Amino acid sequence: HFQVNSLQPQLSLLLFASQARRVHMYLRDKKDDDVAEDNDDEEATFDQAPVRVVCPRCGLSIITFIEHESSWLTYTAALVLLFVLGWAAVCVVPIVYPLFKDVVHHCPRCLSVLATRSRVAIGSFRNEVMSFRFGSCVVVLARKYVLLLLGLTLLIGSIHVMRSSGSPLTAVRTPSVSATWDDYRGDCGFKTYLGNPIHVSVAFDQYRNKTVRWVGRPLSVDSFHFPWFHQHGSILIRMDPPQFPSKPEMPDLLLMYSDEVHVDALKLKERIGFEATLVEVGRRGSPHTLVLWELFTPSPSIELNDPNATLQREDARTRTDPSDAEAP
């Protein structure tokens with residue numbers, strides 16, 4: 001009897017603790033049920049972060065976990081960058097590639113896919129305020145400013161295309177004239193342009209659409225090849241004497257050529273003869289633009305851009321009348 005009376009307070013404490021634990025578990029479950037009901041009433045928004053939802057497969061209230069997976073948009077963006085940028089895409093693709101991955105929400109219980117969202121989103125033009133999201137970066141602009149930026153981009157792009165591609169496409173191959181590089185450099189060179197730009201614009205009229213045979217050294221060759229898109233290749237030429245003696249990598253001429261001109265055997269920084277038509281004068285140090293018709297090997301005994309040597313044929317093959325040939 002004495003032992004039972006001594007254990008009675010301890011038993012009471014144990015019973016009280018057990019009841020308190022049950023009440024606490026009941027209240028926690030009740031709170032989770034209320035949160036689940038609220039989430040059911042309000043549709044869950046799947047975005048870039050995990051959300052609390054009721055899994056439609058296992059029926060439990062869970063917090064999703066996310067994974068970043070590649071989609072067709074990811075591979076398409078990477079291929080376009082590789083085609084456009086070439087080797088330079090090696091530095092750009094690792095930065096852009098994660099931005100185009102999709103965010104996939106999974107259930108942590110049954111691992112089922114609940115939703116997939118893209119990390120790139122563009123707002124609708126129907127809204128007064130538009131948002132542009134790229135990964136975790138979001139740009140918010142008013143619709144009028146977005147339209148203004150698009151208009152300016154189209155205007156600047158159109159002007160650039162008209163100025164860069166209009167003249168070479170209309171060039172016509174004419175008989176070679178006796179103008180030398182020294183004559184042209186004196187009338188339209190960089191030093192002359194700095195002294196009197198208006199005089200250079202007027203002086204170039206006597207060289208425009210005239211075909212010359214000069215000798216120079218190629219600095220670089222750019223053969224532009226892109227599927228379903230045609231563009232002229234280009235060769236940067238440094239003449240002798242150059243316009244910029246202190247800058248050995250600065251070109252004097254830009255020769256644009258079509259697929260009919262073979263440049264595979266061209267060696268950089270070695271003397272090469274060319275026949276081309278002048279189409280645009282270089283401004284503010286930019287190279288002068290010509291349309292290339294023919295490459296030939298100059299004789300070792302001929303000095304660079306000698307006025308008599310430029311008119312001589314350096315190859316033995318016969319070609320058609322140059323006045324009938326037009327730019328591609």
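Under the UniProt record's numbering, the sequence shown has 121 at position 121, and the numbering climbs by one with no breaks.
Using N, Cα and C, we set each Cβ at its ideal position, and we do this for glycine too.
Nothing here was measured: the structure is a model prediction, and the numbers come from that model.
For L253, the enclosing beta strand (DSSP E) starts and ends at L253 to Y257. Collapsing the DSSP output to three states places L148 in a helix. Here the C-alpha atom of T45 lies approximately 34 Å from the C-alpha atom of R22. Pairing P197 with I272 gives a Cβ-Cβ distance that is not under 8 Å.
Judged by pairs of C-beta atoms under 8 Å, the segment 258–267 does not touch the segment 275–285, as fewer than three such pairs exist.
Distances from the alpha-carbon of G135 to those of K267, R117 and G59 put R117 closest. The DSSP-derived three-state label of D222 is strand. Shown here, M162 sits in a helix according to DSSP, grouped into three states.
Close CB contacts of S158 within its chain, under the 8 Å cut and outside five residues either way in sequence, are absent.
The beta carbon of T289 sits closer than 6 Å to those of L254, V279 and E280, all from its chain and outside the five residues before and after it, given in chain order. By the Cβ test, the segment 134–148 is not in contact with the segment 176–183, since fewer than three Cβ pairs between them sit closer than 8 Å.
About 11 Å separates the Cβ atoms of P245 and D252, ruling out a contact at the 8 Å cut-off.
Annotated as proximal: T174 and T211, with beta-carbon spacing under 8 Å. When secondary structure is reduced to three states using DSSP, F244 falls in the coil class, being assigned neither helix nor strand. With a 10 Å radius around the Cβ and a threshold of 16 neighbouring Cβ atoms, R119 comes out buried. If only complete runs of 3 or more residues are kept, the segment 43–84 shows the beta strand (DSSP E) at 52–54, 61–63 and 65–69, in order along the chain.
Contact annotation, L236 with S223: C-beta distance approximately 13 Å; criterion of less than 8 Å not satisfied. Under the Cβ criterion (8 Å, minimum of three pairs), the segment 102–111 counts as touching the segment 59–71. The alpha-carbon separation between L295 and L268 amounts to approximately 14 Å. One alpha carbon belongs to P298, the other to V215, and they sit about 7 Å apart. Going by C-alpha positions, H232 is about 26 Å away from V93. Within the model, the alpha-carbon separation for C58 versus A49 is close to 21 Å. Just measuring C-alpha positions, the residue of A276, R284, G285 and S286 sitting nearest W293 is A276. With fewer than 16 neighbouring CB atoms inside 10 Å of its own CB, M162 falls in the exposed class. Residue environment: F125 is assigned as exposed (fewer than 16 neighbouring CB atoms within 10 Å of its CB, all protein chains considered).
Residue burial annotation: F274 is buried, with at least 16 other C-beta atoms found within 10 angstroms of its C-beta.
According to DSSP, H106 shares a beta bridge with F65 and V113.
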